[in-house]
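Comments concern the structure below.
There are 4 protein chains.
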Amino acid sequence: MIIVMSHNASAREVEAVLKRLENTGFKVHLSEGVERTIIGAIGDRTRLGDMGLEAMSGVEKVVPVLQPYKLASRAFHPGDTVVTAGNIAIGGGQIQVMAGPCAVESREQLLEAAHQVREAGATILRGGAFKPRTSPYSFQGLEEKGLELLAEAREATGLKIVTEVMDARTLPLVAAYADILQIGARNMQNFFLLREVATVDKPVLLKRGPSATIEEWLMAAEYIMAGGNHRVILCERGIRTFENYTRNTLDVTAVPVVKYLSHLPVIVDPSHGIGKWRFVPAMARAAVAAGADGLLIEVHPDPAHALCDGPQSLTPENFAALMEDVRRVAALMDRGVG
Amino acid sequence: MIIVMSHNASAREVEAVLKRLENTGFKVHLSEGVERTIIGAIGDRTRLGDMGLEAMSGVEKVVPVLQPYKLASRAFHPGDTVVTAGNIAIGGGQIQVMAGPCAVESREQLLEAAHQVREAGATILRGGAFKPRTSPYSFQGLEEKGLELLAEAREATGLKIVTEVMDARTLPLVAAYADILQIGARNMQNFFLLREVATVDKPVLLKRGPSATIEEWLMAAEYIMAGGNHRVILCERGIRTFENYTRNTLDVTAVPVVKYLSHLPVIVDPSHGIGKWRFVPAMARAAVAAGADGLLIEVHPDPAHALCDGPQSLTPENFAALMEDVRRVAALMDRGVG
Amino acid sequence: MIIVMSHNASAREVEAVLKRLENTGFKVHLSEGVERTIIGAIGDRTRLGDMGLEAMSGVEKVVPVLQPYKLASRAFHPGDTVVTAGNIAIGGGQIQVMAGPCAVESREQLLEAAHQVREAGATILRGGAFKPRTSPYSFQGLEEKGLELLAEAREATGLKIVTEVMDARTLPLVAAYADILQIGARNMQNFFLLREVATVDKPVLLKRGPSATIEEWLMAAEYIMAGGNHRVILCERGIRTFENYTRNTLDVTAVPVVKYLSHLPVIVDPSHGIGKWRFVPAMARAAVAAGADGLLIEVHPDPAHALCDGPQSLTPENFAALMEDVRRVAALMDRGVG
Amino acid sequence: MIIVMSHNASAREVEAVLKRLENTGFKVHLSEGVERTIIGAIGDRTRLGDMGLEAMSGVEKVVPVLQPYKLASRAFHPGDTVVTAGNIAIGGGQIQVMAGPCAVESREQLLEAAHQVREAGATILRGGAFKPRTSPYSFQGLEEKGLELLAEAREATGLKIVTEVMDARTLPLVAAYADILQIGARNMQNFFLLREVATVDKPVLLKRGPSATIEEWLMAAEYIMAGGNHRVILCERGIRTFENYTRNTLDVTAVPVVKYLSHLPVIVDPSHGIGKWRFVPAMARAAVAAGADGLLIEVHPDPAHALCDGPQSLTPENFAALMEDVRRVAALMDRGVG
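Protein chains in written order, with my numbering: chain A, 6 to 343; chain B, 6 to 343; chain C, 6 to 343; chain D, 6 to 343.
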C-alpha cells in the first residue's frame, strides 16, 4: 500500500502515519519528493480496510497495491478451477448450458421446458422457486412447491438443478433440493447470505450485481471462499448503463478480464443481460467466443404467457437454434458443449 | 398503460393483445395511426408486471402511464407523513439529526460519542452492531454486544437509537433494541428482508441503493408499506457515479423530487454520500436547504482510530460546528432542529 | 406521441394542450381514464422537440411513440446499407478490418505498421494526424505532415485511409487526404462538425460517445444523413461504466441492437473499448460473433514506445494471430474477411 | 508516479522500466517487496501521459501520485480566483446570478426577459444564439441575429452577456458580442475549441460534461489556462445518472469538492441540471448553501411557448421568488447577491 501525504503535511503528521503502520505490523519505506512525501507499506493487505489511514491528518490518499481479494485471485491459484455438480464439470473443456424458465409456474410448464432444453443439449435446468421481484404485487414464486417440481424434473430428465436462494432462513430448504445454489444479482453484497452459503457443501453460482465492479464481484466470491466453500461459479448477467432500450447491457468484456484476474469459471446470462429474446442468440455466440465457460438461458414453452420475464425468454425452437450456433462457436474455441 | 405495436404488426397480432388485456380485466382503446397502432389499457396497474406483453408477437414496447407504486405516492396520501419514534417526530416541523459512529466499537467509544452528539443537538444515536463490509477480512461488528451498548447509551442520554438490520434471522434481536430499524443501501432490494420488517411495529429507515433510481427506491418502500408498516423514512446516502475522488456522489436532487412524488419523510446521509469528512458540513447545509427532514451524520471521538469509515467521520468539534450551520439553514426554511 | 396529464389537471388545462397540438398540425385523441387523462397525438415527430409541452400547466409527462430518428432507422431503409470507400465495401458480405497506430508518429513507424497490417489482412489503415488528448501537455499529432504520411502509406500499400477530423476548419484539409473521415467519440455531439461532414462526399465513421445511448448515437448519424451524406459507418468503441480495471467497457450488446434498429453498418473498436491489448483478441472474436461488419484495431510496431495509447496497441505478431481468429469466426457467420 | 510490476515480472523487465524512466528524466526509487516490485518515479508529471509505461512487459499498473492538472489546482494558486466581466466579479464576496432564456427567439422575448431578470437581481443575461440540439430538426438558434439582440438587451439593461460558442470558426463573431464565452457541456472535451478560446481575451464559462469526472473537467480548464487564458469560470450543470425522472442529476457535491481542489470560481445551473422548473428553486438554494459562487438560471416570459427547454424555464414570477430565497441563503454564507 502507498500513502500519499498532502503537499503541506508536517513532519509530525508523517511520523504519526509511520508509527501507526509500524504498530500494525507493516514494514514501511519513506520517500520524500519535492512535491509530496510518499510512504510505502508492506504487510497484510487484509488489515488495510480497517485502518482508516485516510482519516489521519496530513494524508491525501491511500493507494492499495495488491488486489483486496486473495483466494479468488489467479495469483493464488494459477490453474483454472473446475467446479463439479455431480458428473457435470463447469470450467473445464466442455461448455455447459443451463436453461429453463425464469420461474417455476406449474408441473406441466416445468416438465415441458425441462424435456425441451435437455433435448437441445442443456445439462442443467434453471427455474426460480423463490423470486426476487421489484414489485410487491408481482408473482413471488411457488416456494417449496417449486423446489419439489424441480426435483421431479431432475428425476425425469437427468438434468442438474440450479435455483436461487434469497435468504439464510430458507437456505437449508433450497440446499436440500438444488445441485447448484444461485445467489441473485441483487444479493451479491448480501454478506450474511454469502457467509451462510460458504458453509454449505454445494457449488454456488454467484451473479454479478448490476452495478458492481469486477473487484466487488470477486470480493463477494472471496466471502464465500474465505468461509470454506471454494466451489464458486461466476455469472455475468448484464450491468446497468445509460442505455434504456435494453434491460441491461451484457458485459462481455468482463469474461476475458475475470478469466485473467481469477481462476474461477465464468458463465454468462444473456437473457437477463439484455431482456429481449431477439438479441439473446447473438450475445450467446459472443460470450462463448470471448471465452465463457457456460451460458444461462431463459427458455419457456410459451413466453407470451410466462408469469415472469417472458420478453427475454426463448421459445424451445429458438433455443434449439441457439444451441446449434453455440456448438459451432465452441468448436472454434476447441471446446465441446455439455 | 400504452402498448405500441411494431410498424408491421398484423391485425391478428393486434387482436391477440386486445384479447389478452380484456381477459385480464383491462378496458382497452385502440388507436390506428399511419405509422403505428397503439393500444391504451386501463386497469389494475399492479398486474402489469406479470403480463409479459412485450413477449407477444408484434408488440414493440409497453409504456406504463402510472407509477408502479401506490401507497408510497403523494397521490395516495397528499399530506406529509410524520413518522414518530417515541417523542421524536421525523417529517414534521423539526429537522432531526441522527449522529454517532459508523460501528459500535466499545463501551467507552459509544458512550463518549453519544454524549457528544446529544450535547451538540442530535436526538437520535446511530451506530452499527451488525456491519455489512465489502471485505470478509474487515471488522464485522460487535453484534448482540453492540446492541446492548446502544441500549445503555440510550439509557444514559435519552437519545433514540437507529441501527442496521441485515438479515431476517437477526431481525427479532435487533428489533428488541432499536427504536428505528435501518435497512442498508445494499439491502434496499433484499425483498425477503423488506417483507419481514413490514411485519414489525417499528419505524424503518430505508437507505437508497447506490445505483437505484428513485422509482426503485419508492418500490422498496412500497414493499414495506404493502406488508403493513407505513412508518418508512427514506434516506439518501449517495449514488454511484463516475466520480472517484469521492466515495459516492450525494444526490441532493433526490430530496425535492422525492418530496414531490411521495409523502414520506426524507433524510440525508452526507457522510456515506461523500466519504470525506471535509465536505460533510457543506453538504449537510445543502441537504437542509433543499428540503430534507433530517440528517444522518457519522461522528467519532477519534476518527483516525475508528474501526470503520474513519475518513468520513467528523470529530465532535466539527460536528458541533456543523450543527450551528444546520440550525441557521433550518431557520431559513422556517424549521427548528431536534 | 402521448401526453399524460397529471391526476389533478383541470379541463381548461387539457383544453389548452389539445389546442396547442391542433394548432401545430397534430391529430389528437382524448382518453379520459379514472386516474388520468391521456392525449394521443399523431403528426410530424420532428416537431415534437420544439413544442415544450411538458412546460404546460397540468402536463405530467410526454411519451414519444416513434423514435426521433428517421433516415437512420431500419423502418426507413429495410435492407442493409453498404458503404463503399473505393473498392472496399463496408456492411456487405466481407468483414473489413481497419488497423494501424493510434497516432502517426513518423514515416518509418507508419510505413512499417501499414505493411504489417496489410500483410495480416487489413484493408484500411488507421492513424491519427490530429489527436484529441485529455491533457494539453500530451502529443497532439503531426497534423498536415501526418496526413501526407498517411497518403504515402496508401500509395505504398494500396490500403484505404481512415483518420480523424476534429474541427470544421481543418475539415477541408483532412478530407483532401482521407478515404474515410472519422468523427471521434468526444465529438459525437459536436453538431457543427456533424453538419459540416454532411456536406462532404466521403464516408464518415461515427464513433459512439462513451456515455451516449444508442438513440443519441443514431441521432448523430441522423444529423449527417439529414445534411445529405448517407454514407455513415457506426463504430462502437466502449462505454464508460463503473469498471475501472479497463479503460472502458466494450459494449458488444450494441452490435445486434443497432443492426436491428438501423440499416447502417456497425464496426467495433476493441482497442479503445478496453484499453489493454491483452483482451483485444477475445473481444474482436466476440464482436464478429455478435454480427459486427468490421473492426478497428490499434497496431504499433513497438507499443512500448508509442506516443499514444501504447497499452492498448497490439504488436504486429499479435495482430496477425488475431486476424486468424477473426477469419475463423467470420466463416462461422458465413462471411469472409477483407 | 508509482509503477507496480506484476508478481512474475523478471529482473530484466524491471531494469527496462527503470532505464526508460531515467532516460526520460525521472528520478527513480526501487522497492522490492515479497509479492511485488514497486518503482517510485519523481519528475515532470506532464510527461506521464505520453510514456505508455503500461504497455511495457511486466508492468501491472501505473498509479499517478499528483493530479494531472497544474494551473487549475489549488496548490498552484492557493487563494480564490476572482474573474471579472466589466464591473461584475465572479468568485468574490458577491454571488452572481446569470439568467435569461435558453435561446434568443425574438427581440420582444429577449428584451422582456432581460428586464425581468434584471429587475429581480440578476447581473448577467444568458441566451443562446447558436444552439446545440440533439435533433437536426430542432430550432438551431438565430445565430448572428441572436447576438445582435443580446447586444441590444445589454444596451437596454446594463446586464453583461454570456452566450455559447460552439465552434472555432464562429468564435470571432461570438467574441465580438459576448462578455463571457460559454463552452457547452457537450464541448467540454472539444480540445480544438478549448485551445481557441484560450487565445481570446474574455472570461470563459466552462460547463461540465454530463459524464465528466471532476478531474476531466479541471483538465479542460487546464487546456484554456495553458493556452494563456486564466479567466475560467466552472459551471456544474448536472450529470448523467441512472435516474430518468429528471433530465440530469445536479451534482451539488461537486461544488465543495471543486472549491477544495481548485481556485477557480464555480457556479451552478440547476435548470439544465434537473430539467423541471419545479425543482429549480430548491436546488438553487442547495447550491448556494454548498458554496457556489453563482447561478445560471433559465427564465422565459412564457415557458409553455419557448422554442427550447420550456419545461425547465422559470416564469419571471417564480424567478423573483427564487431570488428572494437565494438572498437569504447567501446572507447565511456571509455573501451578498449581485
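Cβ coordinates follow ideal geometry from the N, Cα and C atoms, glycine included. Predicted, not measured: the structure shown is a model, and the values here were computed from it.
Exercise. Kindly give me the distance between the Cβ atoms of Leu-115 (chain C) and Leu-154 (chain C), rounded to whole angstroms, as I take these residues to be in contact under 8 Å.
Key: The beta-carbon separation of Leu-115 (chain C) and Leu-154 (chain C), rounded to 5 Å, stays under the 8 Å limit for a contact.
Practice problem: Mark Thr-204 (chain C) as exposed unless 16 or more other C-beta atoms lie within 10 angstroms of its C-beta, in which case mark it buried. | Solution: In this structure Thr-204 (chain C) is exposed. Its beta-carbon is surrounded by fewer than 16 other beta-carbon atoms within 10 angstroms.
Quiz item: For Val-170 (chain C), which of C:Pro-141, C:Thr-162 and C:Glu-149 has the nearest alpha-carbon?
Solution: Cα-wise, what sits closest to Val-170 (chain C) is C:Glu-149.
Practice problem: Would you list, in chain order, the members of the stretch 58–80 of chain B that have their beta-carbon closer than 7 Å to a beta-carbon of chain E? | Solution: The structure shown has no chain E; the protein chains it does contain are A, B, C and D.
Quiz item: If you pair each beta-carbon of the stretch 223–238 of chain B with each one of the stretch 244–253 of chain D, do three or more pairs fall below 8 Å?
Solution: In short, these stretches do not touch, since the Cβ pair count stays below three.
Quiz item: In terms of residues, what are the limits of the alpha helix (DSSP H) holding Ile-244 (chain B)?
Solution: Unbroken run through Ile-244 (chain B): none, as it is neither H nor E.
Quiz item: Any idea if Lys-136 (chain A) is buried or exposed, counting beta-carbon neighbours within 10 angstroms, 16 or more meaning buried?
Solution: Lys-136 (chain A) is buried by the Cβ-count criterion.
Practice problem: Taking 7 Å as the cut-off, decide whether the C-beta atoms of Ala-421 (chain D) and Val-68 (chain B) are in contact. | Solution: What is shown of chain D runs 6 to 343, which leaves residue 421 (chain D) out entirely.
Quiz prompt | Where Gly-98 (chain D) falls: helix, strand or coil (DSSP) | solution = Coil, per DSSP.
Practice problem: Quick one: residues in its chain with C-beta nearer than 7 Å to the C-beta of Arg-41 (chain B), no 5 flanking neighbours on either side, listed in chain order? | Solution: Result list for Arg-41 (chain B): Val-9, Met-10 and His-12, in chain order.
Quiz item: Are the stretch 83–99 of chain A and the stretch 173–185 of chain B touching, with three or more C-beta to C-beta distances below 8 Å?
Solution: Touching, no, given that fewer than three Cβ pairs across the two stretches are closer than 8 Å.
Exercise. Label Glu-241 (chain C) either buried or exposed according to how many other C-beta atoms from any shown protein chain fall within 10 Å of its C-beta, with 16 as the threshold for buried.
Key: Of the residues assessed, Glu-241 (chain C) falls on the buried side of the cut-off, its CB having 16 or more other CB atoms within 10 angstroms.
Quiz item: Which residue from A:Phe-31, A:Glu-37, A:Lys-24 and A:Leu-71 puts its Cα closest to that of Met-349 (chain A)?
Solution: It is not possible to answer for residue 349 (chain A), since the shown part of chain A is limited to 6 through 343.
Practice problem: Identify the continuous alpha helix (DSSP H) that holds Glu-187 (chain C) and give its terminal residues. | Solution: Here residue 187 (chain C) is Gln; the residue named in the question, Glu, does not match the sequence. Here Gln-187 (chain C) belongs to no alpha helix (DSSP H); instead the beta strand (DSSP E) covers 185–188.
Quiz item: Of all Cβ atoms in chain D, is any one closer than 7 Å to the Cβ of Tyr-250 (chain B)?
Solution: Answer yes: the Cβ-Cβ gap between Tyr-250 (chain B) and chain D drops below 7 Å somewhere.
Quiz item: Shorter than 7 Å from the beta carbon of Pro-106 (chain B) to some beta carbon of chain D?
Solution: Not an interface residue.
Quiz item: To which residues does DSSP link Val-179 (chain C) through a beta bridge?
Solution: Beta-bridge annotation (DSSP): Val-179 (chain C) is not paired with any residue.
Self-check item: Other residues of its chain near Ala-231 (chain C): CB distance less than 8 Å, five sequence neighbours each side excluded
Solution: Cβ neighbours of Ala-231 (chain C) beyond the five flanking positions: Leu-76 and Ala-203.
Quiz prompt | Proximal chain A residues relative to Met-224 (chain B), where beta-carbon distance stays under 7 Å | solution = Going along chain A in sequence order, the residues near Met-224 (chain B) (Cβ under 7 Å) are Thr-139 and Ser-140.
Quiz prompt | Top-ranked residue by Cα proximity to Leu-166 (chain B), from B:Gly-38, B:Asp-184 and B:Gln-194 | solution = It should be pointed out that residue 166 (chain B) corresponds to Ile in this sequence rather than to Leu. Of B:Gly-38, B:Asp-184 and B:Gln-194, the residue nearest in Cα terms is B:Asp-184.
Quiz item: From Ala-355 (chain D) to Ser-276 (chain D), what distance separates their C-alpha atoms?
Solution: Beyond the ends of chain D as shown, which are 6 and 343, falls residue 355 (chain D); an answer cannot be given.
Practice problem: Taking a Cβ distance cut-off of 9 Å, strictly less, list which residues of the stretch 258–273 of chain A are near chain C, in chain order. | Solution: Cβ contacts with chain C come from Thr-258, Ala-259, Val-260, Pro-261, Val-262, Lys-264, Tyr-265 and Leu-266.
Quiz item: In chain A, which residues lie less than 8 Å from Ile-43 (chain D) when you measure between Cβ atoms?
Solution: Those are Ile-7, Gly-45 and Val-70, listed as they occur along chain A.
Quiz item: So, is the C-beta of Ile-311 (chain C) closer than 7 Å to a C-beta in chain A?
Solution: Strictly speaking, residue 311 (chain C) in this sequence is Ala, with Ile absent from that position. No, Ala-311 (chain C) does not count as interfacial toward chain A.
Quiz prompt | Rounded distance between the beta-carbons of Ile-44 (chain D) and Val-22 (chain D), thought under 8 Å | solution = Confirmed, about 6 Å.
Practice problem: List the endpoints of the continuous alpha helix (DSSP H) containing Leu-23 (chain C). | Solution: Segment 16–28, the alpha helix (DSSP H) holding Leu-23 (chain C).
Quiz prompt | Those residues which DSSP pairs with Leu-344 (chain B) across a bridge | solution = Given that chain B is displayed from residue 6 to residue 343, the structure contains no residue 344 (chain B) and the question cannot be resolved.
Practice problem: Enumerate, from N- to C-terminal direction, the unbroken beta strand (DSSP E) stretches of 3 or more residues contained entirely within the stretch 206–271 of chain D. | Solution: For secondary structure counted as the beta strand (DSSP E) over 3 or more consecutive residues, the stretch 206–271 of chain D holds these complete runs in sequence order: 209–212 and 237–241.
Practice problem: Leaving out five residues on either side along the sequence, give the residues of the same chain with a beta carbon under 6 Å from the beta carbon of Glu-117 (chain D). | Solution: Once the five neighbours on either side are set aside, the close Cβ partners of Glu-117 (chain D) are Pro-306.
Quiz prompt | At least three beta-carbon pairs within less than 8 Å, the stretch 31–41 of chain C to the stretch 125–144 of chain D | solution = Counting Cβ pairs under 8 Å, fewer than three are found: no touch.
Quiz item: Helix, strand or coil: which one does DSSP assign to Glu-146 (chain B)?
Solution: The amino acid occupying residue 146 (chain B) in the given sequence is Gly; Glu does not appear at that position. The answer is coil: DSSP assigns Gly-146 (chain B) none of H, G, I, E or B.
Quiz item: Does the distance from the CB of Arg-174 (chain A) to the CB of Ala-326 (chain B) come in under 7 Å?
Solution: No.
Quiz item: Given that a residue counts as buried once 16 or more other Cβ atoms are within 10 Å of its Cβ, and exposed if not, what is Ile-267 (chain C)?
Solution: Reading off the sequence shown, one finds Ser at residue 267 (chain C), where the question assumed Ile. Buried, since its Cβ has 16 or more Cβ neighbours within 10 Å.
Quiz item: Cα-Cα, which of C:Arg-340, C:Val-109, C:Leu-164 and C:Pro-270 is closest to Leu-239 (chain C)?
Solution: Checked all of C:Arg-340, C:Val-109, C:Leu-164 and C:Pro-270; the closest Cα to Leu-239 (chain C) is C:Pro-270.
Quiz prompt | Identity of the residues DSSP links to Glu-110 (chain D) by a beta bridge | solution = None, per the DSSP bridge assignment.
Exercise. Using a Cβ cut-off of 9 Å, pull out every chain C residue sitting near Glu-221 (chain D), in sequence order please.
Key: Identification of chain C residues near Glu-221 (chain D) by a Cβ-Cβ cut-off of 9 Å yields Thr-139, ordered along the chain.
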